[in-house]
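Each number in my numbering corresponds to the 1-based position in the sequence shown with 2 added.
Cβ atoms here follow ideal geometry from the backbone N, Cα and C, with glycine treated the same way.
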Amino acid sequence: MANTGKPPEIPAEFQIYNSYVEDPKWQRKFSIVWASFLGAAIFIALPSLVRLIHRRGLVTVFRAWLGGVREDRQTRRYTPVDDHSDVHQSKSEGHRATLSSRSAFLNRIRSLMLLTPPGIELNVVQLTLIIGYIVLVVVCIVTDAQLIENSNRAGFIAIAQLPPVFLFASKNSILSLLFGPGYGYEKLNFLHKWSARSLFLAAVLHGALWIRNHLEWNLPILGEQKETTGVAALGVLCVLVISSLRPLRRRWYQFFFVIHVLGFVSFFVTLCYHTIYASPWIFPPLALYGFDILLRLFRYRIKDAELVPVGNQMTIINIRDCTDGWLPGQHVRLRIFFSGRIFESHPLTIMTNPSSVGVVGKKNSSGAEEEDGDKMEGMVLGARVCGDWTRAVNEYALKEGERVRRISSANEKDVSHSPTPLSPATPIPIQVMIDGPYGGCSIDLGDYESVLLVAGGSGATFTISMLDDIVKRCAGVRKGEKTKRIEFVWCVKSFGSINWFAALLAPIAELAAASSGLELHITIFVTCLCDPESVPDIPNMDVILERPDVYKLLEALITPPSSIPATSAGHSAEDGEVDADIDVEARASQSPHHHHYPPAISKKPSTLRWVGPGGGIGICASGPESLTREAANAVARLGLRKGKQAGGVGLHTELFAM
């Protein structure tokens with residue numbers, strides 16, 4: 003046969019765009035780019051994971067991620083060290099390192115990244131990641147695409163976003179282990195939200211342009227399977243997004259959760275009927291979700307617990323036979339079996355620490371309870387009344403306690419000896435289901451000479467856990483910990499709120515006071531002058547009637563005592579409107595007794611001893627959004643101005659909100 007030569011080629015401008023060949027290529031490009039950035043982030047985070055394993059041990063870290071909470075039957079009482087414990091401190095503690103120019107520059111960059119604009123829950127780092135992700139999506143959708151004539155590219159990119167949406171939503175993800183504590187699902191959830199919104203916008207673009215073309219060419223929108231299932235998938239996606247809006251999610255969280263679970267199943271089914279190209283991108287999300295469910299099954303625990311109401315605003319949950327399996331600052335998702343609420347689970351921070359880590363909540367060698375700590379041992383959680391579930395828990399504990407007291411009084415009338423009165427906060431036995439632990443602290447407080455722990459309201463559950471850990475580590479045989487002074491700050495509405503956790507704070511403060519190498523000072527800022535006689539006696543504690551100023555607290559840690567102005571580190575309640583989330587009642591400042599301070603109240607807090615600059619400051623802030631945002635901005639401001647003088651500033655925030 004004669005050679006006819008090379009076949010003719012159709013010029014590019016006359017070629018028909020084949021979206022089923024070209025668009026999958028852009029799906030792969032999109033996946034390679036975001037996965038590469040994720041891999042780089044994991045590589046950057048590996049040193050912190052290595053340091054954590056070195057400090058805590060590989061078995062401890064692995065159990066906290068995979069094993070769940072457990073009972074350590076070898077638990078022994080912690081014996082405080084004597085006043086000569088400082089001889090065991092790290093040899094390097096006496097050498098104060100000065101930040102190099104390069105380290106100081108990197109510290110300023112990190113400080114800049116912590117800036118959080120008002121009204122936005124996102125800092126500069128998070129905003130940068132979100133903007134970068136959206137730019138990547140837009141580039142992959144519009145580059146060399148004929149969207150007006152053929153909107154398939156937007157649909158292909160929408161499908162390609164399913165893996166990151168589910169990866170950043172999984173509670174039990176490999177990312178939580180690789181990034182280390184402090185980067186659990188609650189910290190990565192903003193990526194889940196924004197990748198889901200990006201998926202939704204791409205799907206809307208695909209559907210809107212497709213409907214436009216059908217209307218332009220007088221083609222039916224419904225009828226055929228592809229068209230009908232496509233509209234159905236888009237409708238399900240709209241329901242998912244609308245039900246996820248913050249006001250609806252906060253008001254009807256259980257409704258949001260049910261819609262979320264049923265919605266994504268319906269979306270996957272309709273999507274598979276809509277296009278055969280969806281299946282390869284649905285298998286990874288299903289695998290991620292299946293892995294998440296499998297790990298939860300391994301970590302679920304059903305335990306006996308006790309509910310202890312502390313007034314009508316706080317309920318303490320004590321699970322005595324959970325003594326190990328979590329790290330300081332972590333939380334569990336708790337399900338309490340009472341009054342038809344067995345299907346609701348809520349996150350609660352663990353205030354106590356495992357037997358080998360913390361100070362409070364321990365058993366002695368015979369298994370009996372310690373006299374300190376108000377007879378609390380094992381895992382202790384605190385649920386503040388701020389929603390229908392926490393209110394129902396508190397009301398149930400109060401009603402059951404009253405019923406138990408009535409029965410006890412009736413029984414004791416039948417015996418000859420005088421009745422023994424029960425405590426108003428009678429422990430109520432109940433069964434609970436635990437899922438976790440999750441989260442944790444992203445910085446090691448032992449790397450800093452000065453530590454500032456700031457909490458608002460029930461956010462103290464996190465900072466108490468961190469305080470318990472760092473005091474135990476620094477009061478005993480140190481393993482490289484540099485911490486010399488700790489400032490614990492707690493902002494509450496009333497003096498009575500201090501008694502929520504006084505039984506936990508007291509033994510920690512006593513141990514710190516007995517240690518010669520560590521100084522702890524507790525400052526409680528009260529924003530309403532009511533019931534000042536309720537202030538408990540805790541060593542080295544000041545109670546101030548005002549609102550804290552986080553930047554002033556930070557600045558005081560790096561300022562020599564002779565340079566500190568004669569003003570307290572807070573805002574008076576008269577200084578104007580403050581966020582209601584911190585439970586500030588400005589009307590208290592208008593009380594005629596505002597300036598008549600009871601003996602328990604200090605006009606100015608005491609200051610920690612001066613150790614010189616350059617040792618670094620570690621800050622943990624937990625509570626409402628206004629407090630965590632203020633702390634982040636204060637750290638950013640200090641890092642930009644005096645970061646080198648401070649020796650570096652580390653920050654971890656824990657947001658208590660839905």
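Contact set for residue i: own chain, Cβ-Cβ below 6 angstroms, skip 5 residues either direction
| i | result |
| --- | --- |
| Ala399 | Leu309, Pro311, Thr317 and Ile430 |
| Gly550 | Note on residue identity: the sequence assigns Pro, not Gly, to residue 550. Answer for Pro550: Val491, Cys493, Phe527 and Gly572, listed in chain order. |
| Met115 | Val126 and Val127 |
| Ala307 | Ile319, Ile321, Ile432 and Val434 |
| Thr145 | none |
| Ala508 | Ile540 |
Among the options, nearest to residue i - alpha-carbon criterion
| i | options | result |
| --- | --- | --- |
| Pro119 | Arg643, Glu632 and Glu656 | Glu632 |
| Ile344 | Pro26, Gly478, Gln433 and Tyr187 | Gln433 |
| Leu51 | Leu383, Gly184, Gly313 and Arg248 | Gly184 |
| Thr428 | Leu447, Arg405, Ala412 and Leu60 | Arg405 |
| Arg449 | Lys481, Ala477, Met435 and Tyr440 | First, the residue type needs correcting, since residue 449 is Asp and not Arg in the sequence shown. Comparing Cα positions, the closest option is Lys481. |
| Ser347 | Leu236, Pro10, Met435 and Arg110 | Met435 |
| Gly384 | Leu447, Ser411, Met543 and Asn314 | Asn314 |
| Ser246 | Ile261, Ser197 and Gly237 | Ile261 |
| Arg65 | Tyr440, Ala648, Tyr291 and Phe285 | Tyr440 |
| Pro286 | Gly331, Val167, Val263 and Arg253 | Val167 |
| Lys495 | Trp36, Arg487, Phe503 and Glu548 | Glu548 |
| Gly618 | Ser518, Phe497, Pro509 and Arg487 | Arg487 |
| Ile546 | Pro509, Glu11 and Phe497 | Phe497 |
| Trp349 | Arg53, Gln332 and Phe202 | It is Pro, not Trp, that sits at residue 349 in the sequence shown. The option with the nearest alpha carbon to Pro349 is Gln332. |
| Tyr187 | Lys401, Trp67, Leu288 and Ser33 | Trp67 |
| Val139 | Tyr19, Asn215, Val35 and Ala43 | Val35 |
| Trp502 | Glu151, Val382, Ile44 and Phe340 | Val382 |
| Arg475 | Arg57, Gly403, Phe45 and Leu288 | Arg57 |
Beta carbon of residue i nearer than 8 angstroms to that of residue j
| i | j | result |
| --- | --- | --- |
| Thr277 | Ala234 | no |
| Ser153 | Leu207 | yes |
| Ile159 | Ile133 | no |
| Glu489 | Leu555 | yes |
| Gly620 | Gly652 | yes |
| Gly380 | Cys324 | yes |
| Gly461 | Arg303 | no |
| Gly438 | Arg301 | yes |
| Gly265 | Leu250 | no |
| Thr231 | Tyr279 | no |
| Trp391 | Ile352 | no |
| Gly641 | Arg110 | yes |
| Gln29 | Ala204 | no |
| Met378 | Ala171 | no |
| Val238 | Ser197 | no |
| Ala515 | Asn542 | yes |
| Asn220 | Asp294 | no |
| Leu290 | Leu169 | yes |
| Ile18 | Leu164 | no |
| Asp471 | Thr354 | no |
Own chain partners of residue i with C-beta closer than 7 angstroms, once the 5 adjacent residues on each side are dropped
| i | result |
| --- | --- |
| Gln592 | With a pLDDT of 38 at Gln592, under the threshold of 50, the modelled position of this residue cannot be trusted; read the value that follows with caution. Here the set comprises nothing. |
| Arg589 | Annotation note: pLDDT 34 at Arg589 (below 50); position unreliable, coordinate value reported separately. None. |
| Cys388 | none |
| His654 | Gly184, Cys443, Ser444, Ile445 and Cys622 |
| Phe658 | Ser460, Gly461, Ser624, Gly625 and Pro626 |
| Ile409 | none |
| Pro49 | none |
| Arg386 | Gln315, Met316, Thr392, Gly459 and Ser460 |
| Ile55 | Val63 |
| Phe258 | Ser245, Ser246, Leu250 and Arg251 |
Any C-beta of chain B under 8 angstroms from that of residue i
| i | result |
| --- | --- |
| Glu521 | Of the protein chains in the structure, only one exists, and it is not chain B. |
Close-in-space but distant-in-sequence residues of the same chain around residue i (CB under 8 angstroms, 5 per side omitted)
| i | result |
| --- | --- |
| Thr81 | Low local confidence applies: a pLDDT of 40 at Thr81 is under 50, so the model's placement there is unreliable, with the coordinate-based value given in what follows. Correct list: empty, nothing qualifies. |
| Ala634 | Leu116, Leu117, Thr118, Asn125, Ala623, Leu653 and Thr655 |
| Lys31 | Cys142 |
| Ala511 | Leu522, Ile524, Ile540, Pro541, Asn542 and Met543 |
- Message: Using 8 angstroms as the cut-off, can you tell me whether the region 457-466 makes contact with the region 537-547, which would need three or more C-beta pairs spanning the two stretches below that distance?
- Response: no
- Message: Taking contact to mean 3 or more Cβ pairs, one atom from each stretch, closer than 8 angstroms, check whether the region 445-458 and the region 613-629 are in contact.
- Response: yes
- Message: For a minimum of 4 consecutive residues, which ranges assigned as the alpha helix (DSSP H) are wholly contained in the region 119-173?
- Response: 126-144, 154-162 and 164-169
- Message: Below 8 angstroms, how does it come out for the region 326-343 and the region 508-525: are there three or more Cβ pairs, yes or no?
- Response: Contact fails: fewer than three Cβ-Cβ distances are below 8 angstroms.
- Task: Could you say if the region 210-226 and the region 183-194 meet the contact criterion of at least three C-beta pairs nearer than 8 angstroms?
- Result: Flag = no, the region 210-226 and the region 183-194 do not touch.
- Task: Specify whether the region 104-123 and the region 171-191 touch according to this definition: at least 3 beta carbon pairs, one from each stretch, less than 8 angstroms apart.
- Result: no
- Query: Are the region 25-36 and the region 156-175 touching, with three or more C-beta to C-beta distances below 8 angstroms?
  - Reply: yes
- Task: Run through the region 237-320 for me and flag every whole alpha helix (DSSP H) of 4 or more residues, listed as ranges in chain order.
- Result: 248-253, 255-276 and 281-301
- What are the complete alpha helix (DSSP H) segments, minimum 4 residues, inside the region 442-488? 462-477
- Complete alpha helix (DSSP H) runs within the region 388-417 (minimum length 4 residues, chain order): 390-414
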